[in-house]
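Participant: My questions all concern the structure below.
There are 2 protein chains.
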Amino acid sequence: VFQNPRGTRDFTSEEMKKRNSLEESIKKVFQNYGYKEIETPTFENLDLFTAKSGEGIISEIYSFKDKGDRELALRPELTAPVMRFYVEKLQMEPKPLKLFYFGNCYRYDRPQKGRYREFKQAGCELIGTSTPEAIAELISMAYKIIENTGLKDMKLKIGNLKILSSIFEKINLKKDQIEYIIPLIDKELFDDLYNALQEFGLDNKAITTFINLLETEDLNQIKKFAGSESEEEINRFEKIIDLVKKTFKIKNFKVTLGIVRGLDYYTGTVFEIEAPSLGAEKQICGGGEYQLVSLFGGRETDTSGFAIGFDRVLLALETEGYSFSENYTEAFVIPVTEDMKNKAIEITEKLRKSNIVTDQELNDRSMSKSLKYANSINAKKVIIVGPDEMKEKKVTVKDMITGKQKQIEIGKILEIF
Amino acid sequence: VFQNPRGTRDFTSEEMKKRNSLEESIKKVFQNYGYKEIETPTFENLDLFTAKSGEGIISEIYSFKDKGDRELALRPELTAPVMRFYVEKLQMEPKPLKLFYFGNCYRYDRPQKGRYREFKQAGCELIGTSTPEAIAELISMAYKIIENTGLKDMKLKIGNLKILSSIFEKINLKKDQIEYIIPLIDKELFDDLYNALQEFGLDNKAITTFINLLETEDLNQIKKFAGSESEEEINRFEKIIDLVKKTFKIKNFKVTLGIVRGLDYYTGTVFEIEAPSLGAEKQICGGGEYQLVSLFGGRETDTSGFAIGFDRVLLALETEGYSFSENYTEAFVIPVTEDMKNKAIEITEKLRKSNIVTDQELNDRSMSKSLKYANSINAKKVIIVGPDEMKEKKVTVKDMITGKQKQIEIGKILEIF
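Listed in order, the protein sequences are those of chains A and B. Under my numbering, the residue at position 362 of the first sequence is numbered 428, and the numbers go up by one with no gaps. Under my numbering, the residue at position 81 of the second sequence is numbered 147, and the numbers go up by one with no gaps.
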């Protein structure tokens, strides 16, 4: 027996109903914010991803040679492809350019709950602006997208990598030292962080001050430590936070310098949204201000964006017991006798033409088996086409929820829907 | 500069608008006919496709080894994956099972107009029935899907491979001879066909009779030639044709035995829809009755289905000059002064919350540049937030189509949309 490849999934119609409804919900908010949908290919030239993330990424992705010996890769993420698209074809578009997308991505990863080898991402890129209003709008939109899905338990955290970098500089950390502590900061392993910084030769007071800075929400404390070199960025960051809170009216978020996303890629404000119910794989959204355009050969311009882990949001909604609507069939038409079959088809077609989801008995089954099938496909009404009723131009309509039956003139059949 | 891989495409927001509207149109008809959407992975184990199509297919597709040395392939079509899904997980579902899908497929093919290395298919499978009503409904639905897209110039052709095979047998053609003439029949190269059959030793009268049978719409003529062995299938075929014409009321189609689709895969009635405007790549839909379930290890059951070349339908619509609706922004909000910025954001957010597609000036530009940008994103109305009007709790609304301006109370702003 054949199976789907490890780490991939088949989706039943019940699952697709949920996925489509989640996609609609996310898309609606992107559109309301003036974002326009685009699409890029499922695979790209491998060097696009190594240019962005280094050769190390090859071990984590699906890369292969095509028959023309081109090195290709199934995309592991969508920002690089969208930036490539922008540089290649969209640089002349009026700015800001607001782009959103849905797309499957691929990672050669150990499959586990919330981690698949083929997974879906939703995301957006905002190209050509970095005013505080623009960044605050981006963060607020991310929050509202998740909120609009119906998810209750979510945490937004906003940080800033430019400020964090200047603090690293202030305490004289070297590049390899920074690389070592980044994962410790990310996982909030402050004991390990303490030990590491001690080994790097920092005194206890400096370490405590530093760890406090990672945890504080008080921007003045940060400003005081970081000094005048960072003042402009801290003021800008303060403005963004202020807009998010007071103007975009997002109440529920935490400011923390402890957000560390790809340091050589992100350049300023960064943010993450978590669904705590998901445990280890709790991050459902991440993004911020970044620079990639010149790396891909374009004229540098301000860029920011975020990606949403579609599958994880769905998992989080299911964990919270969110009630998705179910598949159903509005009408199911059954001919009582052989010579009623054509009449039954005509009624079926009439309903379909009026956009009523309608099915009909296609297997010549008995009435009881036919009704059982109608029930199994969640039919709301069954229309029974019998010869006696037909003489009076009527059909019998059975309401599958109440079980009640009544006769209805064929000419008035659309009225019951 | 990085480029998208050869034979793949990037889609702009204008193109996505068309693609989404076409997808919606196709989906609507599938759903009205009681079909439910499913999805399978983008890649499968390679042996799924060689089992269906033979080793020869490897040279035409993207196949590769993953890091666990598994032989994988980007799917070249969707029937095999859906049948694999059915056998693995859906065999116990009530029958008939009506499944539809959209998915990208991949072929390592020479790129040309209407032929891409990554292309989109829509399609469906009908599992567990083969009554004339079921097959007639399937064919009629395919026709109505294409009709519903807005395409004007289309041709439906219906044939039957079981009857054609019995005629091959009747004139004593061997397997390799049949394989040789199949492409000639497919391309309607009747002179070449004539020569080939002459070489196979058929006399002129037999050849003429045979070629007539490929062209005739007269089922009685076919019945007379094919004899009693085919009578049952011809009667069934006649019933299907009759239902399509008289009950499903499809007027515009041609019956022809000249439709030859994968002889060892399709088993009975087959059909194709063409868009003549596309020239060589004119086939936009193809399907019929087939057998695959037992090949994939399942308990054999009647199956039929069809696939639609999504990109070709779109190309055909564009060729006919079909007028797709365009992307637009309902409102664009501009603050006149720095201290009106927060107020502008609040108005923007209020409109978005009411599902009005709204954007705002995010780049601190002058009024004239801002209006130019609003125009470039196809904004219908511009809302100007100025300090004088604000004192009276009003804003200025400029209609971008008529150019007219008027002042409106902020509390009544939703009423103008």
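Every residue, glycine too, gets a C-beta built ideally from N, C-alpha and C.
With which residues is A/Gln187 paired in a DSSP beta bridge?
Facilitator: For the purposes of this step, residue 187 of chain A is taken as residue 121 along the first sequence, with counting starting at 1. In DSSP, A/Gln187 forms a bridge with A/Gly169, A/Gly375.
Participant: Which bits of chain A does B/Ala188 rub up against, with CB to CB less than 7 Å?
Facilitator: Stepping through the second sequence from its first residue, residue 188 of chain B is reached at position 122. Near B/Ala188 there are no residues of chain A at all, since even the closest Cβ is about 14 Å away, more than 7 Å.
Participant: Label A/Tyr394 either buried or exposed according to how many other C-beta atoms from any shown protein chain fall within 10 Å of its C-beta, with 16 as the threshold for buried.
Facilitator: Taking the first residue of the first sequence as position 1, residue 394 of chain A is located at position 328. Its Cβ having fewer than 16 others within 10 Å, A/Tyr394 is exposed.
Participant: Cα separation between A/Ser196 and A/Asp368?
Facilitator: As a working note, residue 196 of chain A is residue 130 in the first sequence. As a working note, residue 368 of chain A is residue 302 in the first sequence. Using only the alpha carbons, I get a separation of about 6 Å.
Participant: Counting only the same chain and skipping the five closest in sequence on each side, list residues whose C-beta sits under 7 Å from that of B/Ile422.
Facilitator: Reading the second sequence from its first residue, position 356 is the one you call residue 422 of chain B. Once the five neighbours on either side are set aside, the close Cβ partners of B/Ile422 are Glu396, Ala397, Phe483.
Participant: Taking C-alpha atoms, which residue in A/Gly452, A/Glu184, A/Val148, A/Val379 lies nearest to A/Gly73?
Facilitator: Position 7 of the first sequence, counted from the start, is the residue given in the question as residue 73 of chain A. The shortest Cα separation from A/Gly73 among A/Gly452, A/Glu184, A/Val148, A/Val379 belongs to A/Glu184.
Participant: Could you check what DSSP says for B/Asn70 in three-state terms: helix, strand or coil?
Facilitator: Position 4 of the second sequence holds residue 70 of chain B. Three-state result, B/Asn70: coil.
Participant: Is the number of C-beta pairs between the stretch 318 to 327 of chain A and the stretch 189 to 203 of chain A that are closer than 8 Å three or more?
Facilitator: Not touching, per the Cβ criterion.
Participant: Would a check of beta-carbon distances place B/Asn301 closer than 9 Å to chain A?
Facilitator: Locating residue 301 of chain B in the second sequence gives position 235, counting from the first residue. No, B/Asn301 does not count as interfacial toward chain A.
Participant: CB-CB under 8 Å to B/Phe291, same chain, minus the five flanking residues each way: which ones, in chain order?
Facilitator: Here the question's residue 291 of chain B lines up with position 225 in the second sequence. Contacts found: Ile233, Lys236, Thr275, Leu279.
Participant: If you measure from the beta carbon of A/Leu140 to each beta carbon in chain B, is any gap under 9 Å?
Facilitator: As a first step, residue 140 of chain A must be located in the first sequence, where it is residue number 74. With 9 Å as the cut-off, A/Leu140 counts as an interface residue toward chain B.
Participant: Can you round the beta-carbon distance between A/Thr313 and B/Glu404 to whole angstroms, since I take them to be within the 8 Å contact cut?
Facilitator: Counting from 1 along the first sequence, the entry for residue 313 of chain A is found at position 247. Counting from 1 along the second sequence, the entry for residue 404 of chain B is found at position 338. Their Cβ separation, rounded to whole angstroms, is 14 Å, which puts A/Thr313 and B/Glu404 out of contact at 8 Å.
Participant: Sorry if obvious, but does the Cβ on A/Tyr209 come closer than 8 Å to a heavy atom of the ligand MG?
Facilitator: Among the ligands in the structure shown, none appear at all, so the ligand MG cannot be discussed.
Participant: For B/Glu455, which residues from the same chain have a beta carbon less than 8 Å from its beta carbon, with the 5 sequence-adjacent residues on both sides left out?
Facilitator: Here the question's residue 455 of chain B lines up with position 389 in the second sequence. So the qualifying residues of the chain are Val461, Thr462, Gln473.
Participant: Name the residues in the stretch 423 to 439 of chain A whose C-beta lies less than 7 Å from a C-beta of chain B; which are they?
Facilitator: Residues passing the 7 Å Cβ filter: Val423, Thr424, Asp425, Leu428, Asn429, Asp430, Tyr439.
Participant: In whole angstroms, what separates the C-alpha of A/Gly477 from that of A/Asn441?
Facilitator: Residue 477 of chain A sits at position 411 when you count from the first residue of the first sequence. Residue 441 of chain A sits at position 375 when you count from the first residue of the first sequence. The straight-line gap from Cα to Cα measures roughly 26 Å.
Participant: Between the stretch 329 to 344 of chain A and chain B, which residues of the former have CB atoms less than 9 Å from a CB of the latter, in chain order?
Facilitator: Residues passing the 9 Å Cβ filter: none.
Participant: Along chain B, in chain order, which residues have C-beta atoms closer than 8 Å to that of A/Val402?
Facilitator: One-based indexing of the first sequence puts residue 402 of chain A at position 336. Those do not exist, as A/Val402 stays about 15 Å from chain B at its closest Cβ, beyond 8 Å.
Participant: Does any C-beta atom of chain B lie closer than 9 Å to the C-beta of A/Ala346?
Facilitator: Counting from one through the first sequence, the residue named residue 346 of chain A turns up at place 280. No - not a single Cβ of chain B is within 9 Å of the one on A/Ala346.
Participant: Using only CA atoms, which one of A/Val336, A/Gly363, A/Lys228 lies nearest to A/Gly353?
Facilitator: Numbered from 1 along the first sequence, position 287 holds the residue referred to as residue 353 of chain A. Per the Cα distances, A/Val336.
Participant: On the three-state DSSP scale, how would you describe A/Val399?
Facilitator: As a working note, residue 399 of chain A is residue 333 in the first sequence. Strand at A/Val399.
Participant: Is it buried or exposed for B/Leu480, if we count other Cβ within 10 angstroms and need 16 for buried?
Facilitator: Position 414 of the second sequence holds residue 480 of chain B. Exposed, because fewer than 16 other Cβ atoms sit within 10 Å of the Cβ of B/Leu480.
Participant: Please report the distance separating the alpha-carbon of A/Ile316 from that of A/Leu222.
Facilitator: Counting from 1 along the first sequence, the entry for residue 316 of chain A is found at position 250. Counting from 1 along the first sequence, the entry for residue 222 of chain A is found at position 156. So the two alpha carbons sit approximately 10 Å from each other.
Participant: Residues of chain B with CB closer than 8 Å to the CB of A/Gln69, please, in chain order.
Facilitator: Within the first sequence, numbered from 1, the residue matching residue 69 of chain A stands at position 3. By Cβ distance, chain B contributes Asn111, Arg150, Glu154.
Participant: Using a Cβ cut-off of 9 Å (strictly closer), state whether B/Gln178 contacts chain A.
Facilitator: Here residue 178 of chain B corresponds to residue number 112 of the second sequence, with the count starting at 1. No, B/Gln178 does not count as interfacial toward chain A.
Participant: With 9 Å set as the bound, which would you pick, yes or no: does the beta-carbon of B/Phe117 sit closer than that to a beta-carbon of chain A?
Facilitator: As a first step, residue 117 of chain B is located in the second sequence; it is residue number 51 there, counting from the start. Note that residue 117 of chain B is Ala in the sequence shown here, rather than Phe. At least one chain A Cβ lies under 9 Å of B/Ala117.
Participant: Between A/Ile224 and A/Ile205, which are expected to be in contact by the criterion C-beta below 8 Å, what is the C-beta distance as a whole number of angstroms?
Facilitator: The residue you call residue 224 of chain A lines up with position 158 of the first sequence. The residue you call residue 205 of chain A lines up with position 139 of the first sequence. Between A/Ile205 and A/Ile224 the Cβ distance is about 6 Å, and since that is below 8 Å, they are a contact.
Participant: Using the beta-carbon of each residue, which ones in chain B are nearer than 8 Å to A/Ile92?
Facilitator: Position 26 of the first sequence, counted from the first residue, corresponds to residue 92 of chain A. Ordered by position in chain B, no residue passes the 8 Å Cβ test against A/Ile92, which lies about 14 Å from the chain.
Participant: With DSSP as the reference, label B/Lys223 as helix, strand or coil.
Facilitator: Taking the second sequence and counting its residues from 1, one reaches residue 223 of chain B at position 157. Three-state DSSP puts B/Lys223 in a strand.
Participant: Would you report the Cα separation of A/Glu384 and A/Leu344, rounded to the nearest angstrom?
Facilitator: Taking the first residue of the first sequence as position 1, residue 384 of chain A is located at position 318. Taking the first residue of the first sequence as position 1, residue 344 of chain A is located at position 278. C-alpha separation (whole angstroms): 10 Å.
Participant: Please check the pair B/Lys228 and B/Gly334, which I expect to be a contact at CB under 8 Å, by giving their CB distance rounded to whole angstroms.
Facilitator: Reading the second sequence from its first residue, position 162 is the one you call residue 228 of chain B. Reading the second sequence from its first residue, position 268 is the one you call residue 334 of chain B. Between B/Gly334 and B/Lys228 the Cβ distance is about 5 Å, and since that is below 8 Å, they are a contact.
Participant: How is A/Lys470 classed by DSSP in three states: helix, strand or coil?
Facilitator: Within the first sequence, numbered from 1, the residue matching residue 470 of chain A stands at position 404. Three-state result, A/Lys470: coil.
Participant: So B/Asn111 is in the beta strand (DSSP E); what residue range does that whole segment cover?
Facilitator: Taking the second sequence and counting its residues from 1, one reaches residue 111 of chain B at position 45. Residues 109 to 111.
Participant: Helix, strand or coil for A/Phe362, going by three-state DSSP, please let me know.
Facilitator: Numbered from its first residue, the first sequence carries residue 362 of chain A at position 296. Reduced to three states, the DSSP call for A/Phe362 is coil.
Participant: Since A/Leu488 meets chain B, which of its residues come closer than 9 Å, beta carbon to beta carbon?
Facilitator: Because chain A here runs from 67 to 483, residue 488 of chain A falls outside it and cannot be looked at.
Participant: Based on DSSP bridge pairs, tell me the residues matched to A/Leu140.
Facilitator: Here the question's residue 140 of chain A lines up with position 74 in the first sequence. Answer is A/Phe109.
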